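Residue numbers (the working numbering), protein chains in the order written: chain Y, 1 to 253; chain H, 1001 to 1253; chain Z, 2001 to 2253; chain G, 3001 to 3253.
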C-alpha cells in the first residue's frame, strides 16, 4: 500500500512535542488526525499543515472519556474509507502536580491515572484494531504499524510529592509493555520513550526558566523528539526498540 | 511508649498473607485492626486472635472509597484514644484479570488502579497522619512507625494480557516510592515487598494447582511473608530497606 | 544438625560491617572464619570474639588470588572436619577510586573487577561446594545455607568518574544473580544487599565527614547491616529475598 | 568540517553486526578503521568497502591488550592527519560461555571482563581524546562525536550458568554509563544498545538453529542494528538516547 493511502493519529497536541509530531508524520502520510481536549491546542497546527499542502484534521477529544474517544474514532472512520492507520502516538501529558501528599485530594491524585492510564486505555482500545488491520494487509507498507507512547523521568522514579504524575506514568509504562508483548507478535510495533528533561516549548520560553543553567541545547528540541518517534516507526520488525530514553547532553541522570 | 499502647492496621486480609500478617503483628501489639471488603474475610481471624488473648477488630471497608476508609478510621480513632499506630500494612490484592486487551472493558482495566492506586491513596492519606504522630512521640518506641506495601511480579513487568493488574501494581510502586521519599526523612518507614511467586493459601490448595511442579516449598508460605514484613518494621532508621523481593527457592525469575 | 556443628565464613572484615557480621554470625555459630588481606584487619575482632567465649579464626587472604583463597580453604577444612558451612558472606569492598576516566590507569580501572569480580569468583568457587554439602545434609539444620553479598549504590548506577568501582559492583551483581539462579534450586540461598549510603565506621568518624548533614542516624549502623544479613540467612526456602536495599532514613535516592 | 574529513572506527567486526556497521558508517564517512583480533574477520569487509569506492583499513587488534590498542591507534593517527574521528563503535562480543559455575575456570570466568571490561577500557581510553578533539572543533560537523556500545540481554540479567558473559556485559554497561555522564556534558554522545535476541549472521544460518521457531524476521537483521547505531549517531545533543533495546517483534522478553 502506498503511503498515500495511510494516515496517522496524534493524541495530545499543543505547542511543543505534539506539533512537531504532527508535522513530522504529516510529511510522511498525507493525512494526520490531531486529538486534543480543546481546539485551541490544534487549530494553528492544522492551519500550518494545510498551508504546506498536506491534510490535518483536529478533533476535540477528552481521552479519559471512552465516549469522547469513540466519537473521535467515528470522525476518523468517516474520513478514512479504504485507508489504513500507519502510526498512532499517545503524547497526552496530563497535569503535573507537585504537592505534599497530605494536601493532595483524591481527584488530584487520580488525575495522573486519568490521563496516563484510563486515557491511554481508551485510545489504545480504539486504535489497536485499526493497527491490526494494517498489519494484516496483503500489500506491502513502508513501515510496520506503530503505537508510540510518551513517558517521562517519572516513568521510572516516584519522587517525593509527585505521587499523582508518577503513578500515572508508571501505569502507562506497564500498559505499554503489556501491549508490546501482546501485539508485537501480531505485527504492531509498540514503543515507549522516556523523555528525561525539560522540553523546549514556547511555554518554557515564556516561563523564563533557565533549564540546565540556560545552556544552549539544555532543553530538548521538540523536533528531535518527533524525529526519534518517526525513527522508531521506521524500524523493521526484526529489530524493534521497545524503550528508549531521550535527554539533553547536559542533563543530570 | 510501651508496645502495650501501640496498635497495627492491616488492610487486605483473607485466608493467606493477610491472616499471617494479622497474627504476626498482633503478637507484637495488643490490638490489630483488620480491613477487608467483607466480614467473611476477617471474622475467623478476629476469632483466632481473640482466642489467643489479644485484641482484633474487623472493619468492613472498601479502600477504593474515600468515605469507606474514612468511616473505618473513625472506628479506629474511637478505640485508640491515647494509643499510637505502630505499623500499617497495605496488602490489598485486587482482582487478577488476564484476558486479551481488546476484550478488556474500561472498568476491568481500571480495577487494577482502583485497588492498587486509589485504594492505596485513600489508605495512605488516612493513616500517614497517625504514623507521623507516632514518629513525633517524645517517648521511645520499639520500632519506627511503618507503612508496608505488597507488590507482585507485575510491579516490575507488564506481561501480555495483564494490563489491568500490572498498571495497578506499577502505580502502587510509584506511589510507595514517592511516600518513602517524602515521609522517610520524617521518620516513617515506607517499604515495598515484591512477592514473586504463588502464595501457599487455602485457596491455592483447593485449586489443586501444582506450583513449581508441586515441589515442596514451591509456593510461598504466608507466615514467611509476615515475618519479612515484621522484620522490615523492626529495622532501625539508619538502615531501612525500601524494597525487597520474596520468592520460592525454585521459582524462575 | 545442631548449630554447634556449623560454622560461618566472612570475607572482607575490618572496622565496620565486617566486624559486625563476624560478631553476629559468631553468636549463632560457634566458629567463624574471618578473611582479610592483612591480619591487622581481623586481629582485634578475633580477640573480641574469643573474649566472648566463641571461636574465631583469622586468615590472611587475597581473594583476587585463586591460590590464596585455596590456601585459606585448606586452613578452614583442617579445622572443620565433621562440621558444615552454614553461611558465607562476601563483604570485600575494594578500593573506591573517583577520578577522571582519562587519568585512570588500566590497573586502577581493573581493580574494581579484581575485588568484586575475580575475587568473588574465587571465593564463591571455593565455598559453593561446601554450601551444597550442607544443603544435602539428611539432618535438619536451622537455616538454609547462604551466600550473602555486599553491593553498593554503584551496583545499579555508573556515575561519572566511578567506572572502576561501578564496573566491579555491576559484575558482582551479575555473578550473584547467576549463582542465585543456579544454586537456589539446589538449596543454597544466594542474596545481594545494596548498601546505599555511608556506613558509620570508625574510619568515617575519624574523617570528620558529616554524612547527611551530620543528622543522627544519617550513616548506616554496621550492626544493622549485620542484622539484615543474618535475617536473610534465616529466611525459609519458600520465601527467599534475592535483593534488598539498605539506606538511612534521610538518604536521597 | 565536511564529512570528507571525518572517519569512523569499528572495534569488533566479523560476518554480522560489525560488517553492517562498517558498511553503514563508511557510507557516511570516507574512511573507516576496522579492528578485529584476526585479519580473517575484516579482510572481506575491507575489500567490499573498497570495491564501493570508499576507504577501509583493517587493523589486527586484541582490545584486551593496552599495547595492542595503542599500536592500532598509531596506525590510525598516521593515516588521519588533519582528520577527525566522527564515531567509534565498540562491538566486541567476547566468547559466550554457558557452563555450570563449578566447572568454570578462573580464566573462563574472567574472559567476559577481558572482552567487555578491560577491552572497552583500553578502547575508550584511546579514542575519547580523539572524540573530545572533534567535539571542540570550531567548525560545524554533521553530528556530535559518538561512542556507541553493544550490550546484550545479559547486560540486565545474570542467568544461570552465564556468570562470565553477564559479568562482562554488566561491567560494560556500568562503564558506558559512567562515560556517558562524564563525557556527555563535554559534547561526546555515549550510548548503549541492548541487543536482545539472536542476530541473523552467516554463522547462525550455518548452525541451522531455528530462532523463534524459524519465523521470518525472528532473528535480528545486522543491517537494522547498524541503522540504529547510525541513527543514535545523528541525534542532536539536545535529545540524546543513552540506552535503547533492540529485539525481534516475536522475541519473548
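Where a beta carbon is used, it is the ideal one built from N, C-alpha and C, also for glycine.
Computed from a predicted structure; not experimentally measured.
### Query
Hey, residue 1126/H and residue 1073/H are a contact pair by Cβ (cut 8 Å); roughly how many whole angstroms apart?
On the second chain, position 126 is the one that residue 1126/H refers to. On the second chain, position 73 is the one that residue 1073/H refers to. Contact between residue 1126/H and residue 1073/H holds, since their C-beta atoms are separated by about 5 Å, short of 8 Å.
### Query
When you compare each of 1122/H, 1081/H, 1197/H to residue 1248/H by their alpha carbons, which one comes out closest?
The sequence position of residue 1248/H within the second chain is 248, counting from 1. The shortest C-alpha separation from residue 1248/H is found at 1197/H.
### Task
Give me whichever residues DSSP pairs with residue 2243/Z in a beta bridge.
Within the third chain, numbered from 1, the residue matching residue 2243/Z stands at position 243. By DSSP's assignment, residue 2243/Z forms a beta bridge with 2192/Z.
### Members of the region 3170–3183 of chain G that neighbour chain Z once the beta carbon cut-off is set at 9 Å
The residues in question are 3170, 3171, 3172, 3173, 3174, 3175, 3176, 3177, 3178, 3179, 3180, 3181, 3182, 3183.
### Query
Would residue 2249/Z count as contacting chain H if we go by Cβ distances under 8 Å?
As a first step, residue 2249/Z is located in the third chain; it is residue number 249 there, counting from the start. So yes, residue 2249/Z belongs to the interface.
### Task
Run the CB neighbour count on residue 2058/Z, radius 10 Å, all protein chains shown included, and call it buried at 16 or more, exposed below.
On the third chain, position 58 is the one that residue 2058/Z refers to. By the beta-carbon neighbour count (other beta carbons within 10 angstroms, threshold 16), residue 2058/Z is buried.
### Query
Do the CB positions of residue 2092/Z and residue 2012/Z come within less than 8 Å of each other?
Mapped onto the third chain, residue 2092/Z falls at position 92. Mapped onto the third chain, residue 2012/Z falls at position 12. Taking 8 Å as the cut-off, the Cβ atoms of residue 2092/Z and residue 2012/Z count as close.
### Task
Could you tell me which of 2189/Z, 2185/Z, 2219/Z sits nearest to residue 2205/Z, measuring between CA atoms?
Here the question's residue 2205/Z lines up with position 205 in the third chain. The shortest Cα separation from residue 2205/Z among 2189/Z, 2185/Z, 2219/Z belongs to 2219/Z.
### Message
Taking its Cβ as the centre, do 16 or more other Cβ atoms sit within 10 Å of residue 1070/H, making it buried, or is it exposed?
### Response
Locating residue 1070/H in the second chain gives position 70, counting from the first residue. Taking a 10 Å sphere around the C-beta of residue 1070/H, we find fewer than 16 other C-beta atoms and assign the residue as exposed.
### Query
Taking the runs of the alpha helix (DSSP H) that are 4 residues or longer, which of them lie wholly in the region 3008–3057 of chain G?
For the region 3008–3057 of chain G, whole alpha helix (DSSP H) runs of length 4 or above, ordered along the chain, are 3017–3028, 3043–3051.
### Task
Please go through the same chain and pick out, in chain order, the residues whose beta-carbon is closer than 8 Å to the beta-carbon of residue 2031/Z, but skip the five residues on each side of it.
Taking the first residue of the third chain as 1, we reach residue 2031/Z at position 31. 2007, 2008, 2054, 2055, 2056, 2057, 2079, 2080, 2083.
### Message
For a contact defined as C-beta to C-beta under 7 Å, what are the partners of residue 2167/Z on chain G?
### Response
Locating residue 2167/Z in the third chain gives position 167, where the first residue counts as 1. Per Cβ cutoff of 7 Å: 3117, 3171, 3174, 3175.
### Query
For residue 1244/H, which residues from the same chain have a beta carbon less than 6 Å from its beta carbon, with the 5 sequence-adjacent residues on both sides left out?
Position 244 of the second chain, counting from 1, holds the residue named residue 1244/H. Counting only Cβ-Cβ distances below 6 Å, and skipping sequence neighbours, we find 1193.
### Message
Quick check: residue 1165/H and residue 1096/H, are their CB atoms within less than 8 Å of each other?
### Response
By 1-based counting over the second chain, the position of residue 1165/H is 165. By 1-based counting over the second chain, the position of residue 1096/H is 96. Pairing residue 1165/H with residue 1096/H gives a Cβ-Cβ distance under 8 Å.
### Task
Could you tell me the distance, in whole angstroms, from the CA atom of residue 224/Y to the CA atom of residue 3235/G?
As a position in the first chain, residue 224/Y is number 224, starting the count at 1. As a position in the fourth chain, residue 3235/G is number 235, starting the count at 1. Spanning the two alpha carbons is a distance of roughly 7 Å.
### Where residue 2099/Z falls, given that 16 or more other Cβ within 10 Å makes a residue buried
Within the third chain, residue 2099/Z is the residue found at index 99, counting from 1. With a threshold of 16 other beta carbon atoms within 10 Å, residue 2099/Z falls short and is exposed.
### Query
In whole angstroms, what separates the C-alpha of residue 1144/H from that of residue 1134/H?
By one-based count along the second chain, residue 1144/H stands at place 144. By one-based count along the second chain, residue 1134/H stands at place 134. When the Cα atoms are used, residue 1144/H and residue 1134/H turn out to be separated by approximately 8 Å.
### Task
Compute the beta-carbon to beta-carbon distance between residue 155/Y and residue 191/Y, rounded to the nearest angstrom, for a pair I have assumed lies under 8 Å.
Residue numbering aside, residue 155/Y sits at position 155 when the first chain is read from its first letter. Residue numbering aside, residue 191/Y sits at position 191 when the first chain is read from its first letter. 13 Å between Cβ atoms; not a contact.
### Query
Touch check for the region 104–122 of chain Y and the region 39–51 of chain Y: three-plus C-beta pairs under 8 Å?
Not touching, per the Cβ criterion.
### Message
Classify residue 1002/H: buried if its beta carbon has 16 or more other beta carbons within 10 angstroms, exposed otherwise.
### Response
Counted from its first residue, the second chain places residue 1002/H at position 2. Under a 10 Å Cβ-count criterion, residue 1002/H is classified as exposed, with fewer than 16 other Cβ atoms of the shown protein chains found around its own Cβ.
### Query
Along chain Y, which residues have their Cβ under 9 Å away from the Cβ of residue 1158/H?
On the second chain, position 158 is the one that residue 1158/H refers to. At a C-beta separation below 9 Å, residue 1158/H has these neighbours in chain Y: 173, 174, 175, 176, 177, 178, 179, 180, 181.
### Task
Kindly indicate which three-state DSSP category residue 122/Y falls into: helix, strand or coil?
Stepping through the first chain from its first residue, residue 122/Y is reached at position 122. For residue 122/Y, the secondary structure class from DSSP, reduced to helix, strand or coil, is helix.
### Query
So, are the CB atoms of residue 2227/Z and residue 2024/Z less than 8 Å apart?
On the third chain, residue 2227/Z is found 227 positions in, with the first residue counted as 1. On the third chain, residue 2024/Z is found 24 positions in, with the first residue counted as 1. It is a contact, given that the beta carbons lie within the stated cut-off.
### Query
Count the other CB atoms within 10 Å of the CB of residue 2119/Z; is the residue buried (16 or more) or exposed (fewer)?
If you number the third chain from 1, residue 2119/Z lands on position 119. Its Cβ being crowded by 16 or more others within 10 Å, residue 2119/Z is buried.
### Query
Would the beta-carbon of residue 148/Y fall within 8 Å of that of residue 229/Y?
Within the first chain, the letter at position 148 stands for residue 148/Y. Within the first chain, the letter at position 229 stands for residue 229/Y. Using a Cβ distance threshold of 8 Å, residue 148/Y and residue 229/Y count as a contacting pair.
### chain Y contacts made by the region 1074–1097 of chain H, where a contact means CB separation under 8 Å
Residues: none.
### Message
Can you confirm whether residue 243/Y, when its beta carbon is compared against all beta carbons of chain G, has any partner nearer than 8 Å?
### Response
Within the first chain, residue 243/Y is the residue found at index 243, counting from 1. Taking Cβ atoms only, chain G reaches closer than 8 Å to residue 243/Y, which makes this a yes.
### Task
Pick helix, strand or coil for residue 279/Y, following the three-state DSSP scheme.
Lying outside 1 to 253, the shown extent of chain Y, residue 279/Y is not represented and no answer is given.
### Contact check, residue 3152/G vs residue 3199/G, beta carbons under 8 Å
As a position in the fourth chain, residue 3152/G is number 152, starting the count at 1. As a position in the fourth chain, residue 3199/G is number 199, starting the count at 1. The Cβ-Cβ distance between residue 3152/G and residue 3199/G does not fall below 8 Å.
#### Entry: is_contact[residue 1033/H, chain Y] using C-beta, thresh 8 Å
One-based indexing of the second chain puts residue 1033/H at position 33. Not one chain Y Cβ lies under 8 Å of residue 1033/H.
### Query
Apart from the five residues just before and just after residue 2159/Z, which ones in its own chain have a Cβ nearer than 7 Å to its Cβ?
In the third chain, the residue the question calls residue 2159/Z occupies position 159. Apart from the 5 residues on each side of it in sequence, residue 2159/Z sits with its Cβ closer than 7 Å to the Cβ of 2166 in its chain, given in chain order.
### Message
Tell me which residue opens and which closes the alpha helix (DSSP H) that residue 2111/Z is part of.
### Response
Here the question's residue 2111/Z lines up with position 111 in the third chain. Note, residue 2111/Z: alpha helix (DSSP H), 2106–2113.
### Residue nearest to residue 37/Y in terms of C-alpha spacing, selected from 62/Y, 14/Y, 21/Y, 20/Y
The residue you call residue 37/Y lines up with position 37 of the first chain. Of 62/Y, 14/Y, 21/Y, 20/Y, the smallest CA-CA separation from residue 37/Y is found for 62/Y.
### Task
Quick one: using the 10 Å Cβ neighbour count with 16 as the cut-off for buried, is residue 3169/G buried or exposed?
Against the fourth chain, residue 3169/G aligns to sequence position 169. So residue 3169/G counts as buried.
### Sequence-distant residues of the same chain with beta carbon closer than 8 Å to residue 2175/Z, five excluded per side
Here residue 2175/Z is taken as the residue at index 175 of the third chain, counted from 1. 2117, 2120, 2121, 2124, listed in sequence order.
### Task
Step through the CB atoms of chain Y and report whether any lies within less than 8 Å of the CB of residue 1110/H.
Locating residue 1110/H in the second chain gives position 110, counting from the first residue. So, interface residue.
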